[in-house]
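**Student:**
Protein chains: 2
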Amino acid sequence: MAFKGAIELELFTHIDGGSATAAELATRCRASERGVRILCDYLTICGHLSKQQNAYSLTPTSQAFLSKNSPAYLGSMAGFLINGFQVAAFRDVAGAVRKGGALGTEALDPESPIWVEFARSMAPLAAMIGGAVAPLLVPDAGPLQILDVAAGHGMYGIAMARHNPDAEITGQDWRNVLEVARAHADQAGIGARYRTLPGSAFEVDFGGPYDLVLVPNFAHHFDPAAATGFFKKCRAALKPGGRIALIEFVPDEDRVSPPAQAAFALTMLVGTPAGDAYTFAEYEAMLRDAGFRDWEMLAAENIPQRVIVAVA
Amino acid sequence: MAFKGAIELELFTHIDGGSATAAELATRCRASERGVRILCDYLTICGHLSKQQNAYSLTPTSQAFLSKNSPAYLGSMAGFLINGFQVAAFRDVAGAVRKGGALGTEALDPESPIWVEFARSMAPLAAMIGGAVAPLLVPDAGPLQILDVAAGHGMYGIAMARHNPDAEITGQDWRNVLEVARAHADQAGIGARYRTLPGSAFEVDFGGPYDLVLVPNFAHHFDPAAATGFFKKCRAALKPGGRIALIEFVPDEDRVSPPAQAAFALTMLVGTPAGDAYTFAEYEAMLRDAGFRDWEMLAAENIPQRVIVAVA
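Protein sequences appear in the order of chains A and B. Each residue of the first sequence is one higher than the last, beginning at 806 in my numbering. Each residue of the second sequence is one higher than the last, beginning at 806 in my numbering.
#1: On the DSSP bridge assignment, give the partners of GLU973/A in chain order.
#2: For the beta strand (DSSP E) that TYR999/B lies in, which residues bound it at each end?
#3: Quick one: which chain A residues come within Cβ less than 7 angstroms of LYS1044/B?
#4: Can you give me the C-alpha to C-alpha distance between TYR861/B and SER872/B, rounded to a whole angstrom?
#5: Closer than 8 angstroms by beta-carbon distance: list the chain B residues that pair up with PRO1064/A, in chain order.
#6: For the alpha helix (DSSP H) containing GLU829/B, name the first residue and the last one.
#7: Can you list, in chain order, the residues of its chain whose CB lies under 6 angstroms from that of SER1062/B, leaving out five sequence neighbours each side?
#8: DSSP on TYR878/B, reduced to helix/strand/coil?
#9: Based on Cα-Cα distance, which residue from GLU973/A, ALA811/A and GLY935/A lies nearest to ALA901/B?
#10: Can you find a C-beta in chain A that's less than 8 angstroms from the C-beta of TYR1083/B?
#11: Going by beta carbon distance, what residues of the same chain come within less than 7 angstroms of ALA883/B, once the five residues before and after it are set aside?
#12: For a cutoff of 8 angstroms on Cβ pairs, would you count VAL898/A as touching chain B?
#13: Based on Cα-Cα distance, which residue from GLY822/B, THR832/B, HIS968/B and ASP978/B lies nearest to LEU863/B?
#14: So, is GLY957/B buried or exposed, given that buried needs 16 or more other C-beta atoms within 10 angstroms?
#15: Rounded to the nearest angstrom, what separates ILE1113/A and GLU1053/A at their Cα positions?
#16: So the candidates are SER837/A, LEU848/A and PRO1109/A; which of them puts its Cα closest to the Cα of ALA1065/A?
#17: Within 10 angstroms of the Cβ of GLU1008/A, are there 16 or more other Cβ atoms? Answer buried if so, exposed if not.
#18: Going by alpha carbons, who is nearest to GLU911/B out of VAL943/B, TRP920/B and LYS904/B?
#19: The segment 810-839 of chain A: which residues have C-beta closer than 9 angstroms to a C-beta of chain D, in chain order?
#20: In chain order, which continuous runs of the alpha helix (DSSP H) of length 4 or greater are located wholly inside the segment 886-920 of chain A?
#21: Roughly how many angstroms lie between the CA atoms of ALA964/A and THR826/B, to the nearest whole one?
#22: Taking the straight line between their C-alpha atoms, what separation do you get for TRP1100/A and ALA1115/A?
#23: Please list, in chain order, the chain B residues whose beta carbon lies closer than 8 angstroms to that of ASP1059/A.
#24: Using a Cβ cut-off of 8 angstroms, pull out every chain A residue sitting near LEU844/B, in sequence order please.
#25: At the level of alpha carbons, what is the spacing between ARG842/A and ALA907/B?
#26: Ordered along the chain, which non-local residues of its own chain (more than five positions away) have a Cβ less than 7 angstroms from that of ALA765/A?
#27: Looking only at its own chain, which residues have a Cβ that is under 6 angstroms from the Cβ of ALA939/B, when we skip the five neighbours before and after it?
#28: Cutting at 8 angstroms between CB atoms, please list the residues of its own chain near ASP1016/A, excluding the five before and the five after it.
#29: With contact counted as at least three CB pairs below 8 angstroms, one residue from each stretch, are the segment 984-1003 of chain B and the segment 1018-1025 of chain B in contact?
#30: Counting only runs of 3+ residues fully inside the segment 984-1032 of chain B, write out the beta strand (DSSP E) ranges in chain order.
#31: Quick one: give me the first and last residue of the beta strand (DSSP E) that LYS873/A is part of.
#32: Assuming TYR999/A contacts LEU1071/B (C-beta within less than 8 angstroms), just tell me the rounded distance between them.
#33: Apart from the five residues on each side of it in sequence, which residues of its chain come closer than 7 angstroms, Cβ to Cβ, to PRO915/B?
#34: Please decide whether MET1102/A counts as near chain B, where near means a Cβ-Cβ distance under 8 angstroms.
#35: Alpha carbon to alpha carbon, how far is ASP1094/B from ALA1032/B? Give it in angstroms, no decimals.
#36: Leaving aside the five residues before and after ALA937/A along the sequence, list all residues of the same chain whose C-beta is less than 6 angstroms from its C-beta, in chain order.
Below, the structure is given as structure tokens:
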């Protein structure tokens, strides 16, 4: 919560711009000096700032990722990861454990505004991940039809289009979310190769056939049976020999490592009716049952997600 | 939030009682196996449980403090530290920083139910702190009149009464809170030496004179001027040579160490109009301005709070 407050106040950006004391920062942030001092002290305790006498400075990490002056700025993520919906989902963890799933299901409602916020907030991080993953998935030239399922911000499909100037992308998501993906595609200069396909991923006709179906951060919202059924639908939209590519948090078989990937299961417990952070063995079983073959898991450097690829 | 959920489900207690797998625990907790598995994995990631194959076990720390079978059980603290009021206070940190204080002031309302929850939830921890602090403050025999201001659970005054069988305690707090303190005094077997004084600490006549006025975890809710005025009121209720004893989180002069004590300032920013985690130098100034002398800061082993004593 403190972190989100600091992002909203653009505290890191103002420090990067030369303001150092609570008094200077309070003027910049149009906030109280006392409030700024207490928040900056808290961020120092957490390791996001350094403090010498009464002057605050950025750590290398906060400089790179939390100042809006940095090209790698990721502060917008707070808008999705720490928004009211997420906090509300965690309000009654005991209740979700008793039920075995979310007490509310707003996240899966048609055209939920949550996913517009997601598309806006998470785009910078997704752009980095997409850039790292694209070379693993597509050649850098040659015609390629790609379906990006539940595209959200669109950055995964857009990364493929940037990596391969002959690739054509179909971005599928709710109509309100696709407006964000469309804007990102145009900003990335690949708008002419970007089509949109609005509707429910479970109900809309995917068209095709495609060479590659991207399924980024989507299958974890559903139970294995629903995900398997969905993978079948993806397979039907692929050319013979075409591939599906899941981009997912994949914990080890012990389900308690690596920490961030394994911890994601709790977010799925409180936020979805039956989602989970599935292991590779579980994804193997789902893909097998959906008729895929030759599955493998790929890792890109410095990326917490894994890419699971299988052949139709 | 996960931690609070686990306490509500009595997960740690059921593991202590011999249930080890998610299936066994789900039966005990009347919860879903899937939910229990995900929560236990999360608690394992956080270091509160261990996991071997599919069996969960307590760490030494969770065994000592989170199983209701342990005499040192502190799990009730979640009821105050992670309740809806606290979470709501942190909902808009940027807003509190702009304003320089809490956006709501429910915590300081007369007879706020927050302090009844506080008195119930925090009693076990306060009993430990009180037990450690009592030998620093009172002799183990001899008549002694002690006022416990904003007594809450009453455990600090009760600890003094247990340490000194001749001490008589006056517990002051809101009427609804004092019902909890009264019950604790009776449970501790010192009810005959426990008087209650209901009302606002700022407005009620303290009576006296007292040998010792305890002010535990109270001054941090107010600005220095209000705290100084309040200390004057305490001084007026003391015998000549009597002492005031603050029990407080006291950060170092750099305000970013030790971590827990310094971080407490943020809780005061978002939860009170003008409270803070004050340094020893700041308390010295307030006590001096209130007419006290010979102030010193005492530390008890393994206790995060400090005791600041001064002579009237």
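Glycine included, each C-beta is placed from N, C-alpha and C at the ideal position.
**Tutor:** Let me spell this out:
#1: Here residue 973/A is taken as the residue at index 168 of the first sequence, counted from 1. The partner list for GLU973/A (beta bridge, DSSP) reads GLN950/A.
#2: In the second sequence, counting from the first residue as 1, residue 999/B sits at position 194. Counting along the chain, the beta strand (DSSP E) containing TYR999/B begins and ends at 999-1003.
#3: To locate residue 1044/B, count along the second sequence from 1; it is residue 239. For the C-beta of LYS1044/B, not a single chain A residue is nearer than 7 angstroms; the gap to the nearest is close to 37 angstroms.
#4: Sequence index remark: in the second sequence, residue 861/B carries index 56 (1-based). Sequence index remark: in the second sequence, residue 872/B carries index 67 (1-based). If you take the alpha carbons of TYR861/B and SER872/B, they lie about 14 angstroms apart.
#5: Locating residue 1064/A in the first sequence gives position 259, where the first residue counts as 1. Under the 8 angstroms cutoff, chain B gives ILE850.
#6: Sequence index remark: in the second sequence, residue 829/B carries index 24 (1-based). Counted as a single uninterrupted DSSP element, the alpha helix (DSSP H) harbouring GLU829/B occupies residues 827-834.
#7: Taking the first residue of the second sequence as 1, we reach residue 1062/B at position 257. None.
#8: The sequence position of residue 878/B within the second sequence is 73, counting from 1. Residue state, collapsed to three classes: coil.
#9: By 1-based counting over the second sequence, the position of residue 901/B is 96. The alpha carbon of ALA901/B has as its nearest neighbour, out of GLU973/A, ALA811/A and GLY935/A, the alpha carbon of ALA811/A.
#10: By 1-based counting over the second sequence, the position of residue 1083/B is 278. Residue-level contact check: TYR1083/B does not touch chain A, since none of the beta carbons of chain A fall below 8 angstroms from its beta carbon.
#11: Within the second sequence, numbered from 1, the residue matching residue 883/B stands at position 78. Taken in chain order, the residues that qualify are PHE808, LYS809 and ILE812.
#12: The sequence position of residue 898/A within the first sequence is 93, counting from 1. Yes - at least one Cβ of chain B is within 8 angstroms of the one on VAL898/A.
#13: Sequence index remark: in the second sequence, residue 863/B carries index 58 (1-based). Taking only the C-alpha atoms, the option nearest LEU863/B is GLY822/B.
#14: The residue given as residue 957/B occupies position 152 in the second sequence. Its Cβ being crowded by 16 or more others within 10 Å, GLY957/B is buried.
#15: Locating residue 1113/A in the first sequence gives position 308, counting from the first residue. Locating residue 1053/A in the first sequence gives position 248, counting from the first residue. ILE1113/A and GLU1053/A have their C-alpha atoms spaced approximately 8 angstroms apart.
#16: Sequence index remark: in the first sequence, residue 1065/A carries index 260 (1-based). Measuring from the Cα of ALA1065/A, the nearest candidate turns out to be PRO1109/A.
#17: Within the first sequence, the letter at position 203 stands for residue 1008/A. Per the 10 Å Cβ criterion, exposed.
#18: Taking the first residue of the second sequence as position 1, residue 911/B is located at position 106. Of all alpha-carbon atoms in VAL943/B, TRP920/B and LYS904/B, the one lying nearest the alpha-carbon of GLU911/B is that of TRP920/B.
#19: Included in the structure are the protein chains A and B, with no chain D among them.
#20: The segment 886-920 of chain A contains these whole alpha helix (DSSP H) runs: 889-894 and 898-904.
#21: By one-based count along the first sequence, residue 964/A stands at place 159. By one-based count along the second sequence, residue 826/B stands at place 21. Spanning the two alpha carbons is a distance of roughly 43 angstroms.
#22: Indexing the first sequence from 1 puts residue 1100/A at position 295. Indexing the first sequence from 1 puts residue 1115/A at position 310. Inter-residue distance for TRP1100/A and ALA1115/A is about 4 angstroms (C-alpha atoms, whole angstroms).
#23: Position 254 of the first sequence, counted from the first residue, corresponds to residue 1059/A. Going along chain B in sequence order, the residues near ASP1059/A (Cβ under 8 angstroms) are LYS856.
#24: Indexing the second sequence from 1 puts residue 844/B at position 39. Here the neighbours are VAL898, VAL902, LEU1071 and LEU1074.
#25: What you label residue 842/A is simply residue 37 of the first sequence in a count that begins at 1. What you label residue 907/B is simply residue 102 of the second sequence in a count that begins at 1. ARG842/A and ALA907/B: Cα-Cα distance of roughly 15 angstroms.
#26: Beyond the ends of chain A as shown, which are 806 and 1117, falls residue 765/A; an answer cannot be given.
#27: Your numbering for residue 939/B matches position 134 in the second sequence. Closer than 6 angstroms at the Cβ level, and outside the excluded window around ALA939/B, lie ALA964, MET965 and HIS968.
#28: Counted from its first residue, the first sequence places residue 1016/A at position 211. Once the five neighbours on either side are set aside, the close Cβ partners of ASP1016/A are LEU949, GLN950, ILE951, LEU1043, LYS1044, GLY1047 and ARG1048.
#29: By the Cβ rule, the segment 984-1003 of chain B does not count as touching the segment 1018-1025 of chain B, because fewer than three pairs are nearer than 8 angstroms.
#30: Runs found: 999-1003 and 1015-1021.
#31: One-based indexing of the first sequence puts residue 873/A at position 68. Going by DSSP, LYS873/A is part of no beta strand (DSSP E) at all; its letter is neither H nor E.
#32: Here residue 999/A refers to the residue found at position 194 of the first sequence. Here residue 1071/B refers to the residue found at position 266 of the second sequence. With 8 angstroms as the limit, TYR999/A and LEU1071/B do not qualify as a contact, their Cβ atoms being about 44 angstroms apart.
#33: On the second sequence, position 110 is the one that residue 915/B refers to. If the five residues before and after PRO915/B are omitted, its C-beta is found closer than 7 angstroms to the C-beta atoms of TRP979 and SER1005, all from its own chain and listed in chain order.
#34: Indexing the first sequence from 1 puts residue 1102/A at position 297. Chain B contact via Cβ: absent.
#35: Locating residue 1032/B in the second sequence gives position 227, counting from the first residue. Locating residue 1094/B in the second sequence gives position 289, counting from the first residue. Those two C-alpha atoms are separated by around 10 angstroms.
#36: Here residue 937/A refers to the residue found at position 132 of the first sequence. Beyond the five residues adjoining it in sequence on each side, ALA937/A comes within less than 6 angstroms, by CB distance, of ALA1105 and ILE1108 in the same chain, given in chain order.
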